[in-house]
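As numbered in full-length UniProt numbering, residues 1 to 283 make up the sequence shown, in order.
Every residue, glycine too, gets a C-beta built ideally from N, C-alpha and C.
The structure appears below as structure tokens.
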Amino acid sequence: MTEQLTEQEATAAASGAAATARFRQKNLQVNASQERVNAIATDALQALHEVIRKHKVTYSEYDALKAWLIQVGEDGEWPLFLDVWIEHVVEQVANENRKGSAGSIEGPYYVPGAPELPSECTLPMREDEPGTPLALYGRVTSVDGEPLPHAKVEIWHADDLGYYSQYAPGLPEWNLRGTCIADEEGRYKIHTIKPAPYEIPKDGACGKLIAAAGWSAWRPAHLHLKVSAPGHQLITVQLYFDGEDYVDNDIASAVKPELILKPTPVGDGDGLEAHKDFVLDPE
Numbered sequence: 001m002t003e004q005l006t007e008q009e010a011t012a013a014a015s016g017a018a019a020t021a022r023f024r025q026k027n028l029q030v031n032a033s034q035e036r037v038n039a040i041a042t043d044a045l046q047a048l049h050e051v052i053r054k055h056k057v058t059y060s061e062y063d064a065l066k067a068w069l070i071q072v073g074e075d076g077e078w079p080l081f082l083d084v085w086i087e088h089v090v091e092q093v094a095n096e097n098r099k100g101s102a103g104s105i106e107g108p109y110y111v112p113g114a115p116e117l118p119s120e121c122t123l124p125m126r127e128d129e130p131g132t133p134l135a136l137y138g139r140v141t142s143v144d145g146e147p148l149p150h151a152k153v154e155i156w157h158a159d160d161l162g163y164y165s166q167y168a169p170g171l172p173e174w175n176l177r178g179t180c181i182a183d184e185e186g187r188y189k190i191h192t193i194k195p196a197p198y199e200i201p202k203d204g205a206c207g208k209l210i211a212a213a214g215w216s217a218w219r220p221a222h223l224h225l226k227v228s229a230p231g232h233q234l235i236t237v238q239l240y241f242d243g244e245d246y247v248d249n250d251i252a253s254a255v256k257p258e259l260i261l262k263p264t265p266v267g268d269g270d271g272l273e274a275h276k277d278f279v280l281d282p283e
């Protein structure tokens, strides 16, 4: 009989393979002209050439880079590498003209199709799910302040040990993942647990880069959300917690002041609650 792995036995290779497989399911349609591809690729290569000249990169260092790039592919860590170190700049450019709520990176652990839940709901979780109870509530409106009835609030996050369902063994398929459907006034309230901060996987190629550069591998505790409504632009955000570790030293450089929650104790002392409204731009 095959031994059942636990979430603590998750590996970078397994997580990377899952992220790569999930990414390949995307319907990738890019209508970039030859001129645009030429301009971007040329500038990117020239920037790399300047780095080589500036730091006088040696052949042994160049060979080490090639070996590392090969390992990134073998470990399936391209989604992790790009989402941790590159995506925050792509997100800034993509949302620079947005008038509504600020966005943030998606990261490599989103899974579409999470179970739909009512406007006040509890995310799927284990009976003995460890962690501090957390209720996130708010309203979804347009930039004109009008409520957006039945807006979708997709949410996913790590558990109290810093692991994501479908990317670590031993966790139920939809653990701490769901799609909350707001009420007629755009209101929602989601009961879950407060996630833990976590280090990105360090036993693969990305971990080797982190160790070689002497960087921190930590991400602050955060909630992932995608908020959408017909006729409006979808917004992807990550919400953080005021005063928590690594908020000022996020390896993914994704923290923004307007995305930091300030949870307060629930009246009976059983957990926390936090408020967050979302304002969606028109399409």
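For residue i, the nearest candidate out of the options (CA to CA)
| i | options | result |
| --- | --- | --- |
| D270 | V89, K99, L134 | L134 |
| R219 | P230, Q25, A205, E244 | E244 |
| G207 | R22, A44, V37, V72 | V72 |
| Y109 | A67, N95, E154, E116 | E154 |
| N97 | L223, Q233, P118 | Q233 |
| I200 | E185, A168, E173, G231 | A168 |
| L225 | K54, Q25, R177, V143 | R177 |
| G162 | E129, P147, S119, R53 | E129 |
| E184 | A213, H191, Y164, P149 | P149 |
| G186 | H157, P230, L223, H49 | P230 |
| W156 | L171, T179, N31 | T179 |
| A252 | I86, D63, T58, K56 | I86 |
| L171 | T58, Y62, P124 | P124 |
Residues near residue i in its chain [Cβ-Cβ closer than 8 angstroms; skip 5 each side]
| i | result |
| --- | --- |
| K202 | A12, I210, A211, A217 |
| T2 | Caution is warranted here: a pLDDT of 41 is assigned to T2, below 50, making its placement in the model unreliable, and no coordinate value can be reported. |
| G131 | D159, D160, I193, K194, P195, A196 |
| W68 | A205, K208, L209 |
| P282 | S142, V143, G231, H232, Q233 |
Bridge partners - residue i, DSSP secondary structure assignment
| i | result |
| --- | --- |
| K189 | E120, Y137 |
| H88 | The partner list for H88 (beta bridge, DSSP) is empty, contrary to what the question assumes. |
| H232 | P282 |
| G178 | I155 |
Closer than 6 angstroms: residue i CB and nearest the ligand SAH heavy atom
| i | result |
| --- | --- |
| E283 | The ligand SAH is absent from the structure shown, which contains no ligand whatsoever. |
Helix, strand or coil at residue i [DSSP, three-state]
| i | result |
| --- | --- |
| Y198 | strand |
| Y59 | helix |
| L225 | strand |
| Q29 | coil |
| P79 | helix |
Proximal residues to residue i (C-beta, below 7 angstroms), its chain only, five neighbours per side dropped
| i | result |
| --- | --- |
| D268 | none |
| F23 | P79 |
| D250 | R219, P220 |
| E127 | none |
Same chain only: Cβ atoms within 6 angstroms of residue i, ignoring 5 sequence neighbours per side
| i | result |
| --- | --- |
| V255 | Y240, V247 |
| Q166 | V111 |
| T122 | H191 |
(request) Determine, using beta-carbon pairs with one atom in the region 273-282 and one in the region 126-145, whether at least three such pairs fall under 8 angstroms. (result) yes
(request) Examine the Cβ distances between the region 251-270 and the region 233-242 and report whether three or more of them are shorter than 8 angstroms. (result) yes
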